[in-house]
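Undergrad: Chains as they are written, first to last, in our numbering: chain P, 2 to 154; chain X, 2 to 154.
Yeah, the Cβ is synthetic: ideal placement off N, Cα and C, and Gly gets one too.
There are 2 protein chains.
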Amino acid sequence: MRWNDLDRENCSLSRTLAVIGDRWTLLVLRDAFLRVRRFEDFQASLGIARRVLTERLKLLVDEGVLKKVAYQERPLRYEYRLTEKGIGLYPALVALVHWGDEHYAGKKGPPLLHRHLSCGHDFRSVMTCSECGEALDPRDVKPHAGPGARKRA
Amino acid sequence: MRWNDLDRENCSLSRTLAVIGDRWTLLVLRDAFLRVRRFEDFQASLGIARRVLTERLKLLVDEGVLKKVAYQERPLRYEYRLTEKGIGLYPALVALVHWGDEHYAGKKGPPLLHRHLSCGHDFRSVMTCSECGEALDPRDVKPHAGPGARKRA
DNA sequence: TGTAGTAAGTCTTGAAAGTGAACTTAGTCA
DNA sequence: TGACTAAGTTCACTTTCAAGACTTACTACA
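1. Please determine whether the Cβ atom of LEU18 of chain X lies at a distance below 6 Å from any heavy atom of the ligand SAH.
2. Starting from the beta carbon of GLU132 of chain X, find every residue of chain P whose beta carbon is closer than 9 Å, and list them in chain order.
3. Could you tell me the alpha carbon to alpha carbon distance between ARG82 of chain P and ARG82 of chain X, rounded to whole angstroms?
4. Quick check on ALA154 of chain X - is its C-beta less than 7 Å from some C-beta in chain P?
5. For THR84 of chain P, does the three-state DSSP call read helix, strand or coil?
6. Hey, how far is the Cα of ARG116 of chain P from the Cα of VAL98 of chain P?
7. Starting from SER15 of chain X, follow the beta strand (DSSP E) in both directions and report where the run begins and ends.
8. So what does DSSP say about ALA136 of chain X, is it helix, strand or coil?
9. Is DSSP giving LEU97 of chain X helix, strand or coil here?
10. Assign VAL156 of chain X to one of three DSSP states: helix, strand, or coil.
11. Tell me whether ARG31 of chain P is buried or exposed, calling it buried when 16 or more other Cβ atoms sit within 10 Å of its Cβ.
12. Looking at the structure shown, is ARG75 of chain X part of a helix, part of a strand, or coil, going by DSSP?
13. Give me the Cβ distance between SER119 of chain P and GLU135 of chain X, rounded to the nearest whole Å; I'm assuming they're in contact under 8 Å.
14. Pull up the distance between the alpha-carbon of GLY149 of chain P and that of HIS104 of chain X, whole angstroms please.
15. Going by DSSP in three states, VAL53 of chain P sits in which element: helix, strand or coil?
16. For a contact meaning CB atoms closer than 7 Å, what does ALA96 of chain P contact in chain X?
17. Ends of the beta strand (DSSP E) at VAL142 of chain P?
18. Would you mind reading off the limits of the beta strand (DSSP E) that contains VAL127 of chain P?
19. Assign LYS108 of chain P to one of three DSSP states: helix, strand, or coil.
20. Examine chain X for any beta-carbon lying closer than 7 Å to the beta-carbon of LEU30 of chain P, and answer yes or no.
21. For chain P, check one thing: does any of its Cβ atoms lie closer than 7 Å to the Cβ of GLY110 of chain X?
22. Please check the pair ALA25 of chain P and VAL53 of chain P, which I expect to be a contact at CB under 8 Å, by giving their CB distance rounded to whole angstroms.
23. Apply the 10 Å Cβ neighbour rule to CYS133 of chain X and answer buried if 16 or more other Cβ atoms are within range, or exposed otherwise.
24. Under 9 Å Cβ-Cβ, which residues of chain X neighbour LEU67 of chain P?
25. If you measure beta-carbon to beta-carbon, which residues of the stretch 39-65 of chain P are closer than 7 Å to chain X?
26. Determine, using beta carbons only, whether LEU114 of chain P and MET128 of chain P come nearer to each other than 7 Å.
27. Closest to LEU77 of chain X by C-alpha separation, out of X:ARG39, X:GLY22, X:PRO144, would be which residue?
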């Protein structure tokens with residue numbers, strides 16, 4: 002199977018991964034959330050091959066995860082910013098980071114903490130149920146076919 | 002940069018991606034959460050090349066995300082099950098699925114729904130603050146250097 | 001005893017994607 | 001004029017992936 006075929010699969014995870022399911026893409030997004038915006042800055046920060054960076058940024062822009070915004074004219078130059086759709090990936094990214102903090106941080110602790118400005122504390126994200134507000138235990142969740150289901154979910 | 006070098010980077014996301022940041026790996030984990038456990042079943046379900054599946058399963062076992070459990074002797078055969086560490090990836094996976102539901106589900110709606118057994122409703126996951134319990138707005142979060150920080154976060 | 005079947009890999013070969021360095025373009029600055 | 005900058009593009013080379021055939025160790029059937 003080719004990766005471009007993934008978006009035709011009837012699974013929201015496949016379709017998500019067809020857009021952002023590539024290591025570089027997720028690192029680009031991490032940087033974007035840390036306010037990196039320009040081509041040279043992404044390149045220097047990640048050490049990514051320039052051709053690959055060009056390709057990934059283009060895909061993210063085409064998918065509406067990032068948008069190009071001119072930051073100067075003559076010479077015309079653009080920077081890349083997260084759209085609302087892109088910001089919607091924050092929970093997933095934070096969940097991955099916190100999983101890494103938990104299992105791969107060294108003795109000293111995690112390299113980066115997240116502060117919740119409105120309460121003032123460093124936090125970990127907790128996945129809760131949109132309906133009852135309780136914290137979710139994976140064993141307390143049952144997947145079932147939804148309205149868009151075909152044969153395989 | 003090689004991908005094996007990623008785990009030496011001082012960033013929890015890099016270290017996480019060195020383990021699970023590969024499209025196939027995440028799809029393997031999706032299947033694992035849907036109770037797929039055997040080599041042949043993963044292979045048939047995903048259409049993944051057998052060599053790549055072998056490799057990915059081995060990495061996940063080496064990293065303690067999956068464990069091999071014998072389900073019969075003579076011939077000795079193993080199945081792959083999520084460990085506690087693997088189950089810890091559930092929030093991230095659900096967040097990715099829900100992002101896909103939101104942006105890529107067709108007119109009919111998402112192919113798969115998640116029911117919270119203890120409250121009985123289909124839900125979406127909401128990221129909340131472990132300290133104050135409020136839902137988190139990405140704009141209300143400020144990352145800052147943690148105890149394990151080196152020069153770059 | 002021979003034949004087929006099963007589960008979990010392993011091997012092989014051509015195609016695709018990634019890597020690093022040099023090059024290009026359009027403009028500024030001194 | 002010459003050096004510099006940002007954002008790519010091009011090129012030669014290496015690594016990884018895809019698809020399918022093959023292997024191993026055992027069971028079940030006739």
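TA: Once the coordinates are examined:
1. Although the ligand SAH was asked about, the structure shown includes no ligands whatsoever.
2. HIS117, CYS120, GLY121, HIS122, ASP123, PHE124, ARG125
3. 39 Å
4. Confidence at ALA154 of chain X is low in this model, with a pLDDT of 34, below 50, so the placement of that residue is unreliable and no value is reported for it.
5. coil
6. 14 Å
7. SER15 of chain X -> not in any beta strand (DSSP E); alpha helix (DSSP H) instead, spanning 13-21.
8. strand
9. helix
10. Outside the modelled stretch of chain X, which goes from 2 to 154, sits residue 156 of chain X, for which no answer is possible.
11. buried
12. coil
13. 7 Å
14. 13 Å
15. helix
16. PRO92, ALA93, ALA96
17. 142-146
18. 126-130
19. coil
20. no
21. yes
22. Note that residue 25 of chain P corresponds to Trp in the displayed sequence, not to Ala. Contact flag correct, Cβ pair sits at about 6 Å.
23. exposed
24. Under the 9 Å cutoff, chain X gives no residues; its nearest Cβ is about 14 Å from LEU67 of chain P.
25. GLY48
26. no
27. X:ARG39
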